[in-house]
Amino acid sequence: RYRATVEDADEESDEEEGGTTSSESEGEDSSSSDPDSSDDGLGIEDTINDEFERELGNFGAYLKVLCLLQFGNNMPIGTVEELTDEELAYLRHYALKVETHMTNDTFSKLAFAFPESTVASWKITKARAEFLATFRPVAYDCCISSCCCFVGPNSDLTSCPYCHEPHFNSKGKPRRRFTYAPLIPRLLAFYQNKEFGQSMLYRSKYEHNGTNFQDVMDGKNYQRLRETHVTVNGQPRPYKYFEDPRDIALGLSTDGFCPFRKRKKTCWPILVYNYNLSPEIRFWIRHILCVGVVPGPYKPKDFDSFLWPLVEELLKLAAGIKAFDLSSDEIFALRAFLILVFGDIPAVSMVMRMKGHNGLVPCRMCNITALRTPNSRSPAHYVPLNRARHPAVKNDPTVTHIYDPANLPLRSHADFLDTARTVQMAPNTAQSNALAKKSGIKGIPILSYLPSLFFPNSFPYDFMHLIFENVMKNLILLWTGEFKGLDEGRGEYHLGIGTVWEAVGAATAASGATIPSSFGARPPNVCDDKMACTADTWSFWMMYLGPVLLSKRFPRRVYFDHFIELVKLIHICLQFKISTTEISVLRKGFQDWVRKYEELYYQYSPSRLSACPLTIHGLLHVVDGIEAAGPVWTYWAFPTERFCGRLLPEIRSRRHPFANIDNFIIESAKLSQIKVMYNLDEELSLHPKKAEVLRGSFSHPSYPRYVLLPPRRPSSTIPQPVENKIAIHFATRFGKNVNTVRRYLKQENISQWARVQRLAGGDLMHASELFNQAEDRRDATYVRYDLLIDRNAHLRRAAPDWEEKPFYGQLKHILVVKLPPAPELDSEDDSLHAETIYLLACIHMCDVDKRNSLGMPIYSKMGATEVVDLDRLECLVGRVQNGGYTAIIDRTG
């Protein structure tokens, strides 16, 4: 679950920004209060109708009315006239409030703070945005304890079938509501924007070559769908999945989100991802479609009921919805298909209607059976491969004693759904429960009615939670002697809490000064500051810091080597492109790693069974997920966690936190809709336009990938040794002697700059001699640069054989050198009949003398200083010190 929290608010905040709504409080009539007077009350269903109808008449937009009457929520935006200046003003005010999480009270003061500007009330502003967005949220009744939503088969219930709380209060009004933001209107808007419509064609233009996994479209699930005719309600359609280039591939994710530090309340955002967009923009917050947040305070007992509205829309989309494509100026049938569902293990178990990680058959991918620790009262189940010594197994020849990780009893789509039907159609509850316990499946999931999903292959394990939130943390707990009371047994792997591990934590925190900020947040002390350690923290620590800081720390090297093998596998998993050969390496690698893990930590002892949780077993299915759905980064939960973090600033009330969230979700959805429909993404960003040429910068056509940034210093500040290095550089470059070069090298023609920006998403690199390094600033002066090296340099008569190799060092100076016309220096590569400008970098080399077991460059001293062409500069690198040596963190590989 999402770990971010907000501070507990004072009780007075309930009075300052409080309000009571039917969605949050039992027994109070919301019609007697003003839902928009505060940020607490949901107020959506109470205010939409009247305000919408009233403001409709204020626009004088007769054509818009006709379009709404004809098309409803499916209105072709190509028929809507341009927005007026008045409408744009309203939308800018609306965007300001929504995107800055401004309170209603603060917004109401804008009219007094800026009397020369016309700032309407929030009610009017919101109503006009509602009109322009052309879609409205739908409120569904739900249980006061969020057990279920009263839709479909639950729609006529007067009480919750799980907790038996009444559906309605004493005045006949629903006690709580779940607000749903329709998906279809937002998908329709995508093709009514020419620019965005072109972005939506990434999926159809993607070329699958069958030898690499680069995106979801390379997965077996997608490729199988491409060859399959669509079926809706069991009826085959004449078209195949994704036959039309405009068909949309969707993913679904959810996760438990705790709004307060004490973590007693939980809500569940339902997020839809658009796989038609390219990976570069796919997971931007603005492109994540939140269709609703299941209100807390508790985990839903019937999550399917909250998915009911979404499944209804997806079935309509499978059949096709009338839409308008502005690019081709035609009406077409828009279709969208859900192909992927992801989240942590509890969330996906809830969506799939499975028992989950503590069940007798806990894995959603295979039918491996779990065991309990002998003579323990704990209900927890564990899944070792080797269970031959367990009392419940060793004398029973009918059960598996040792599972082969290469031949696990995988679940199939047909078997999964047959079992689900058998469980749900059991003649009585006792038999249903017995079947559910035996299979791990509790019933038919509502998502099974979408034929674009394959159970369980469309539900791969989430890499973020599996590795960085579970496996890595559990390894550290084992190493520090804090894992479920287990000692070392026959092993020797404890680092010690107050000794070695404390030193590792301090070194981790110290590494923040030598790792550029572009690499991520400053690493915290992993020993003392555990609350600051997020999945992102652990991912960086595991891949780059741990392999350095844990070197020679274990009593026996086998434990360190075992950890490094896992890190190597993770590096392959996180590649943008994974070949079929690497797939085989990963599969065997994870199988060997899990076997070795059981040998080192579980030690095949039934009393140590707790060392084998489901998350260790889940590693065996990572490759299954890649083959079915593409690389792990296409369905990990980092975007979902980031979206949940965006909800935190909106929570201002302890009494009504979920109403705060609902308000924000709906207003954000409307704002995103408006930006797409009217192509106002830049207009409503409320940021100044980025200048094409930065003020005070310098660029040259010969170096199109780089821009030099101030401050700039004159030639008089350049040390003589650097001038000598410049002369040597040109002498080598032109094949001339140094004295000849010096005749053309004038000090007044040399200047130096403090920073260089590599364009197209590259790093901002600093020159250490010109950039003042504050005590708390993170070092951005160490770089990687690539040079051509002659492999045959040691052979006097052999022809040169050039090979590009990486080098590392500290960027000391960034230089601009003007050479006057110099025919004497002319060479095949450089025409010097006119003034020529060169951009150079002066670098103090790191004397790399070896690499560690992960291939990271290691140095213990600095080498010579050299001047190279700026075009050889690649990127920033980080450094982490361990004892007498320093390891270089090169994210480019």
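Heads up: take any position in the sequence shown, counting from 1, add 511, and you land on this note's numbering.
No residue lacks a Cβ here, since even glycine has one placed at the ideal position from N, Cα and C.
Exercise for the section: Taking only the alpha-carbon atoms, compute the straight-line gap between alanine 700 and valine 862 and give it to the nearest angstrom. Expected result: Distance between alanine 700 and valine 862, taken at the CA atoms: about 28 angstroms.
Practice task
Using the Cα positions of cysteine 1038 and glycine 1395, report the straight-line distance between them to the nearest angstrom.
Solution key: Cysteine 1038 and glycine 1395: Cα-Cα distance of roughly 22 angstroms.
Practice task
Note down, in chain order, each residue of its chain lying with its Cβ closer than 7 angstroms to the Cβ of tryptophan 819, except the 5 sequence neighbours on either side.
Solution key: For tryptophan 819, same chain residues with a beta-carbon under 7 angstroms away, outside a window of 5 residues either side, are Cys660, Val662, Gly663 and Ile957 in chain order.
Problem - Pairwise C-alpha distance: arginine 714 and arginine 686 - result: Rounded to the nearest angstrom, the gap between the Cα atoms of arginine 686 and arginine 714 is 43 angstroms.
Practice task
Assuming isoleucine 1185 contacts leucine 643 (C-beta within less than 8 angstroms), just tell me the rounded distance between them.
Solution key: Contact flag correct, Cβ pair sits at about 5 angstroms.
Problem - Same chain, Cβ closer than 6 angstroms to proline 962, neighbours up to 5 away in sequence not counted - result: For proline 962, where only same-chain residues beyond five positions count, the Cβ hits under 6 angstroms are Thr742.
Handout entry: For asparagine 1171 and threonine 532, the rounded distance between their alpha carbons
Key = For threonine 532, the predicted structure reports a pLDDT of 35, less than 50, and the residue's modelled location is therefore unreliable. The matter cannot be settled from this model.
Handout entry: 8 angstroms contact criterion, which tryptophan 1104 and leucine 1077 should meet: CB distance rounded
Key = Contact between tryptophan 1104 and leucine 1077 is confirmed by a C-beta separation of about 6 angstroms, below the 8 angstroms threshold.
Exercise for the section: Work out the CA separation of lysine 1063 and glycine 992 for me, nearest whole Å. Expected result: A straight line joining the alpha-carbon of glycine 992 with that of lysine 1063 spans about 18 angstroms.
Practice task
Take proline 890 as the anchor and find which of Ser1121, Asn723 and Ile1089 has the nearest alpha-carbon.
Solution key: Among Ser1121, Asn723 and Ile1089, the Cα nearest to that of proline 890 is on Ser1121.
Handout entry: Helix, strand or coil at serine 764 according to DSSP, with G and I counted as helix
Key = When DSSP states are grouped into helix, strand and coil, serine 764 belongs to the strand group.
Practice task
Would you kindly report the start and end of the unbroken beta strand (DSSP E) that includes asparagine 1393?
Solution key: Unbroken beta strand (DSSP E) run through asparagine 1393: 1389-1393.
Problem - alanine 1046 versus tyrosine 750: straight-line alpha-carbon distance, rounded - result: Their Cα atoms are separated by approximately 42 angstroms.
Problem - Straight-line gap, proline 756 to leucine 837 (C-alpha atoms, nearest Å) - result: Computed Cα separation, rounded: 15 angstroms.
Exercise for the section: Locate the alpha helix (DSSP H) running through proline 1332, then write down its first and last residues. Expected result: It is not in any alpha helix (DSSP H) - proline 1332 carries neither H nor E in the DSSP assignment.
Handout entry: Residue of Ala1285, Glu1286 and Leu1220 minimising C-alpha distance to aspartate 1274
Key = The option with the nearest alpha carbon to aspartate 1274 is Leu1220.
Problem - Alpha carbon of leucine 1097 to alpha carbon of asparagine 1036, nearest angstrom - result: Rounded to the nearest angstrom, the two C-alpha atoms are 31 angstroms apart.
Problem - Rounded straight-line distance, which links the Cα of histidine 912 to that of arginine 900 - result: Using only the alpha carbons, I get a separation of about 8 angstroms.
Problem - Endpoints, the alpha helix (DSSP H) within which threonine 1235 is located - result: Sequence inspection shows asparagine at residue 1235; the threonine mentioned does not correspond to that position. Annotation: the continuous alpha helix (DSSP H) that includes asparagine 1235 extends over 1231-1245.
Problem - Nearest-angstrom Cα separation, counted from tyrosine 1255 out to valine 727 - result: Rounded to whole angstroms, valine 727 to tyrosine 1255 spans 57 angstroms at the Cα level.
Exercise for the section: Determine, using beta carbons only, whether phenylalanine 679 and glycine 803 come nearer to each other than 9 angstroms. Expected result: One thing to note: phenylalanine 679 has its Cβ no nearer than 9 angstroms to the Cβ of glycine 803.
Exercise for the section: Locate the alpha helix (DSSP H) running through asparagine 1174, then write down its first and last residues. Expected result: Where asparagine 1174 is concerned, the enclosing alpha helix (DSSP H) starts and stops at 1168-1188.
Handout entry: isoleucine 1075 to glutamine 1114 span [Cα, whole Å]
Key = Cα to Cα, the separation comes out at about 20 angstroms.
Problem - Burial state of arginine 565 (16 or more Cβ within 10 Å) - result: Legend: pLDDT at arginine 565 = 43, less than 50; position of this residue unreliable, value from coordinates given subsequently. Arginine 565 sits exposed, since fewer than 16 C-beta atoms from the chains shown fall within 10 Å of its C-beta.
Problem - Beta-carbon proximity list for serine 1210, same chain, < 8 angstroms, skipping 5 on both sides - result: Val1204, Tyr1217, Val1218 and Leu1219.
Exercise for the section: Might you give, ordered along the chain, the residues of its own chain that have their beta carbon closer than 8 angstroms to the beta carbon of valine 822, omitting 5 neighbours on each side? Expected result: For valine 822, where only same-chain residues beyond five positions count, the Cβ hits under 8 angstroms are Ile957, Leu958, Tyr960 and Leu961.
Practice task
Under 7 angstroms Cβ to Cβ from tyrosine 717, same chain only, skipping five residues before and after it: list those, please.
Solution key: When the five nearest sequence neighbours on each side are left out, the beta carbons in the same chain lying within less than 7 angstroms of the beta carbon of tyrosine 717 are those of Asp726 and Met728, in order along the chain.
Handout entry: Pairwise C-alpha distance: lysine 827 and glutamine 746
Key = Each residue's Cα considered, the two are about 13 angstroms apart.
Practice task
Give the straight-line distance between the Cα atoms of glutamine 1102 and leucine 1131, rounded to the nearest whole angstrom.
Solution key: Distance between the alpha carbons of glutamine 1102 and leucine 1131: 6 angstroms.
Handout entry: Closest Cα partner of glutamine 1268 within the set Arg1253, Arg1244 and Val1294
Key = Considering only alpha carbons, the answer is Val1294.
Practice task
Determine the closest residue to aspartate 1192 out of Glu706, Arg647 and Asp1312, with distance taken between C-alpha atoms.
Solution key: Of all alpha-carbon atoms in Glu706, Arg647 and Asp1312, the one lying nearest the alpha-carbon of aspartate 1192 is that of Glu706.
Problem - Beta-carbon proximity list for threonine 933, same chain, < 7 angstroms, skipping 5 on both sides - result: These residues qualify, in order along the chain: Leu946.
Exercise for the section: Indicate whether the contact test is met: 3 or more Cβ pairs, each with one atom in the segment 997-1006 and one in the segment 1158-1177, closer than 8 angstroms. Expected result: The segment 997-1006 and the segment 1158-1177 do not touch, with fewer than 3 CB-CB distances between them shorter than 8 angstroms.
Exercise for the section: Evaluate glycine 538 with the Cβ neighbour count: other Cβ atoms within 10 Å of its Cβ, from every protein chain shown; 16 or more gives buried, anything less gives exposed. Expected result: Note on glycine 538: pLDDT 37, under 50, position unreliable in the model; the coordinate value appears next. Classification for glycine 538: exposed.
Handout entry: Residue ranges of each beta strand (DSSP E) within the segment 737-815, 3 or longer
Key = Runs of beta strand (DSSP E) with 3 or more residues, each lying fully within the segment 737-815, are found at 740-743, 746-751, 759-765, 779-785 and 800-805, listed in chain order.
Handout entry: CB of valine 1359 within 9 angstroms of CB of isoleucine 1348, strictly
Key = No, the pair does not count as a contact, with Cβ atoms beyond the cut-off.
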